[in-house]
Amino acid sequence: MSKLIIRGGRPIKGKLAVHGAKNAVLPILAASILCDDGVSVIHNCPNLRDVTITIEILRYLGARVTRAGDTITIDARRRIEGHIPPYLMQQLRSSIVFMGAIAARSRKAKISMPGGCELGPRPIDLHIKALRDLGCDIKEKRDYLYVNSRHLKSTTLTLTFPSVGATENIMLAACLAEGITIAKNVAQEPEIIDLANFLNAMGANIRGAGTNCIEIEGVKHLHAADYTIMPDRIAAITYLCCAAATKGSIELTHIVPEHLETALSLLAQCGCRVEVRNNTVLLEAPETLSAPPEIVTAPYPGFPTDAQSLFLALLTLAEGTSTIRETIFESRFRPAAELAKMGASIALCQNCATVTGVAGLQGAPVAATDLRGGAALVIAALAAEGTTEIENICYIDRGYDRLAENLSLLGADIKRI
Ligand code: EPZ
Numbered sequence: 006m007s008k009l010i011i012r013g014g015r016p017i018k019g020k021l022a023v024h025g026a027k028n029a030v031l032p033i034l035a036a037s038i039l040c041d042d043g044v045s046v047i048h049n050c051p052n053l054r055d056v057t058i059t060i061e062i063l064r065y066l067g068a069r070v071t072r073a074g075d076t077i078t079i080d081a082r083r084r085i086e087g088h089i090p091p092y093l094m095q096q097l098r099s100s101i102v103f104m105g106a107i108a109a110r111s112r113k114a115k116i117s118m119p120g121g122c123e124l125g126p127r128p129i130d131l132h133i134k135a136l137r138d139l140g141c142d143i144k145e146k147r148d149y150l151y152v153n154s155r156h157l158k159s160t161t162l163t164l165t166f167p168s169v170g171a172t173e174n175i176m177l178a179a180c181l182a183e184g185i186t187i188a189k190n191v192a193q194e195p196e197i198i199d200l201a202n203f204l205n206a207m208g209a210n211i212r213g214a215g216t217n218c219i220e221i222e223g224v225k226h227l228h229a230a231d232y233t234i235m236p237d238r239i240a241a242i243t244y245l246c247c248a249a250a251t252k253g254s255i256e257l258t259h260i261v262p263e264h265l266e267t268a269l270s271l272l273a274q275c276g277c278r279v280e281v282r283n284n285t286v287l288l289e290a291p292e293t294l295s296a297p298p299e300i301v302t303a304p305y306p307g308f309p310t311d312a313q314s315l316f317l318a319l320l321t322l323a324e325g326t327s328t329i330r331e332t333i334f335e336s337r338f339r340p341a342a343e344l345a346k347m348g349a350s351i352a353l354c355q356n357c358a359t360v361t362g363v364a365g366l367q368g369a370p371v372a373a374t375d376l377r378g379g380a381a382l383v384i385a386a387l388a389a390e391g392t393t394e395i396e397n398i399c400y401i402d403r404g405y406d407r408l409a410e411n412l413s414l415l416g417a418d419i420k421r422i
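In C-alpha cells:
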C-alpha cells in the first residue's frame with residue numbers, strides 16, 4: 006500500500022490552479038448516459054480514483070468512454086444496461102446517482118447499495134422516497150434495489166433533509182419525466198448548479214438550482230453537450246489550509262471565490278490575510294494562528310462538512326480553543342485520534358470537538374481514515390516538526406489530483422512511496 010512521507014516545517018508558498026470538482030464531475034458523468042444520440046465532451050475533469058471507477062461503471066453500462074488529459078468523452082448511443090454490480094457500486098458513494106440516471110434512460114435498474122467514506126451511517130432512504138414520489142417502483146431484495154421507472158411522472162416533493170445526492174437523483178430522474186416536477190428543501194451546493202447547467206446544456210429544462218426549490222420541466226429528449234466542470238472548492242480550501250498551517254502564502258487561481266466564502270472568513274478570523282480577485286484568492290498566513298471560538302457545519306451556503314476535518318487539523322496549531330460542531334455526519338471526527346498521535350489536543354463529545362491549540366505538532370506514523378481526514382493529516386504533517394508517514398492514502402487519491410506533486414512544487418518535502 007502506498008504511503009506519503011512528509012518532513013514538516015517548511016512553508017507552503019507559491020501559485021496553483023485548482024483542479025475540477027470531484028463532487029461535480031461524478032454526477033455529471035452519470036448524467037451523460039441520458040443522451041442517446043451524440044458524444045458528450047466534459048473538460049476540466051480531475052484525475053481521481055472516483056472518476057476512474059465512474060468511467061468503469063459507464064463502460065459496464067455500455068457507454069464508450071475515452072479520456073485524454075482532463076477531457077472525457079462519453080458515447081452512450083448504444084443500449085444502456087440497467088445493472089451495476091456490487092464491486093463497482095460499493096467503491097464510491099456517488100454511484101447511487103446512477104439510479105436516477107438509469108431510471109430516466111433505461112426505465113429499469115438493478116443496483117446494490119453504494120459505498121463511500123465511513124462518516125457514519127449513510128442511508129439512501131431520501132433517494133428511494135424521492136424516486137418513488139416520481140413514480141418509480143423500487144423493491145429492496147437481498148442487498149439489491151430493483152427499480153422500475155416505466156411510470157416515471159412529474160410531482161411536487163419536499164426532502165426532509167437537503168441531501169446532495171438525493172437532489173441529484175431527483176434532477177436526473179425528473180428531467181425526462183413528463184410534466185413539471187417541483188422539488189423543495191433541496192441541496193443548494195454549487196455542484197448542484199453545475200449538474201443543472203450540464204443537463205440544461207443537454208436540452209433539459211431545470212430552473213432554480215442553487216436555491217432550496219428546483220423546478221424540472223420534463224423534456225422528450227436530451228442531446229450531447231460540451232461542458233467544463235467547476236473548480237473543486239474543497240481542494241481549494243485544502244491548499245489554503247496547507248499554507249495557513251505552515252506560515253506560508255499561496256495564490257490559488259481558476260477558482261470561484263464565493264464558493265469558499267465561509268472558509269475564507271474563518272481563515273481571516275484565524276489571522277490570515279485573505280485577498281479575493283476575480284477567480285483568484287491570495288492567502289498570507291500569520292506568524293501565529295488565532296482560534297475562532299466556534300465552527301458549525303451546515304448544508305450550503307453554510308460551512309461545508311467536507312472542510313471540517315481540514316480546520317480540525319489547522320486549529321490544533323492555533324492560539325486558543327475552538328469548538329467544532331459537526332451537524333451533517335455522525336462520525337466525522339475520526340482524524341482526531343490520528344492527530345493526537347502528533348501531539349494535538351482534541352476533546353470529543355458526541356458531535357462536538359474542542360480543539361486546544363498547542364505550540365507545535367510532532368511527526369508520527371498515522372493512517373488516513375477517509376478522504377478529507379487524510380487531507381487533514383497532510384495539513385498537520387506539513388506543519389509538524391520531523392517526519393510523518395501517512396498510510397491508507399488511497400482515501401486521499403479519491404478526491405485529490407496530484408496532491409503530493411502540487412505540494413512539492415509549493416515547497417513541501419513530501420514523497421509518495
Ligand atoms: C455529498 O455526499 C458529497 N459526496 C460529500 O462529500 C459531502 O460531504 C455531502 O454531500 C454533504 O455535503 C459527493 O457529492 C460524491 P448527503 P452525499 O446526501 O450526497 C443523510 C467528500 O468528502 N442522508 O447530503 O452522500 C446522510 O446520512 C464527500 O467529497 C440520509 O439520511 O451527502 C448525511 O448525514 C464526503 N438519507 C446527510 O444526510 C439519505 O437518503 C448528508 O448526506 C441521504 C442522506
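Numbering (our numbering), first residue to last: 6 to 422. Cβ coordinates follow ideal geometry from the N, Cα and C atoms, glycine included.
Local Cβ density within 10 Å of residue i, reported as buried at 16 or more and exposed below that
| i | result |
| --- | --- |
| Asp375 | buried |
| Asp199 | buried |
| Asn411 | buried |
| Gly1 | Nothing about residue 1 can be read from this structure; the chain reaches only from 6 to 422. |
| Thr172 | buried |
| Phe166 | exposed |
| Ala341 | buried |
| His156 | exposed |
| Pro32 | buried |
| Asn210 | exposed |
| Leu269 | buried |
| Leu317 | buried |
| Ile260 | buried |
| Pro51 | buried |
| Glu196 | buried |
| Glu280 | exposed |
Candidates the options: closest to residue i by CA position
| i | options | result |
| --- | --- | --- |
| Ala345 | Ser111, Phe334, Ala358 and Glu335 | Ala358 |
| Met6 | Ile419, Ala373 and Val383 | Ala373 |
| His179 | Ser336, Leu66 and Ala109 | Reading off the sequence shown, one finds Ala at residue 179, where the question assumed His. Here the closest residue by C-alpha is Ala109. |
| Ser295 | Ile351, Pro306, Pro262 and Leu271 | Leu271 |
| Tyr92 | Pro304, Asn190 and Ser100 | Ser100 |
| Thr361 | Ile384, Ile398, Ile422 and Leu319 | Leu319 |
| Ile219 | Thr186, Leu204 and Ala241 | Thr186 |
| Leu136 | Ile107, Arg127, Glu123 and Pro126 | Ile107 |
| Arg278 | Cys246, Arg147 and Met104 | Cys246 |
| Val23 | Met347, Ala240 and Gln355 | Ala240 |
| Leu177 | Gly120, Met104, Thr160 and Ile242 | Met104 |
| Arg282 | Glu299, Leu257, Gly87 and Ile422 | Leu257 |
| Gln355 | Gly378, Asp148, Arg330 and Pro370 | Arg330 |
| Gly223 | Ala230, Asp231, Ala201 and Ile242 | Ala201 |
| Thr161 | His264, Leu53, Leu139 and Val371 | Leu139 |
| Tyr405 | Thr285, Ile242 and Ala389 | Ile242 |
| Glu314 | Phe338, Glu324 and Pro291 | In the sequence on display, residue 314 carries Ser and not Glu. The option with the nearest alpha carbon to Ser314 is Phe338. |
Per DSSP, the bridge partner or partners of residue i
| i | result |
| --- | --- |
| Leu147 | Here the sequence assigns Arg to residue 147, which means Leu is not the residue at that position. Paired residues: none, contrary to the question. |
| Leu21 | Leu257 |
| Thr186 | Ile221 |
| Asp231 | Val46 |
| Cys357 | Arg330 and Cys354 |
| Lys115 | His88 and Tyr151 |
| Ile79 | Ser45 and Val70 |
| Thr285 | Arg282 |
C-alpha gap between residue i and residue j, whole angstroms
| i | j | result |
| --- | --- | --- |
| Ala206 | Arg72 | 21 Å |
| Ile58 | Cys141 | 26 Å |
| Leu328 | Gly391 | In the sequence as presented, Leu is not what sits at residue 328; that position holds Thr. So the two alpha carbons sit approximately 28 Å from each other. |
| Gly74 | Thr163 | 40 Å |
| Leu353 | Ser45 | 47 Å |
| Pro306 | Ile351 | 27 Å |
| Ala417 | Arg407 | 13 Å |
| Ser336 | Pro128 | 14 Å |
| Leu34 | Asn397 | 26 Å |
| Ser254 | Gly276 | 13 Å |
| Pro448 | Thr251 | Any question about residue 448 goes unanswered here, given that the chain covers just 6 to 422. |
| Gly25 | Asn190 | 27 Å |
| Leu39 | Gln95 | 22 Å |
| Asp42 | Ala369 | 54 Å |
| Leu66 | Ser111 | 10 Å |
| Ala273 | Phe308 | 14 Å |
| Ser154 | Ser117 | 17 Å |
| Glu266 | Lys146 | 44 Å |
| Ile384 | Arg421 | 15 Å |
| Ala36 | Glu299 | 38 Å |
| Met347 | Arg54 | 28 Å |
| Tyr149 | Leu131 | 17 Å |
| Asp231 | His48 | 8 Å |
| Glu289 | Gly215 | 31 Å |
| Thr78 | Arg64 | 12 Å |
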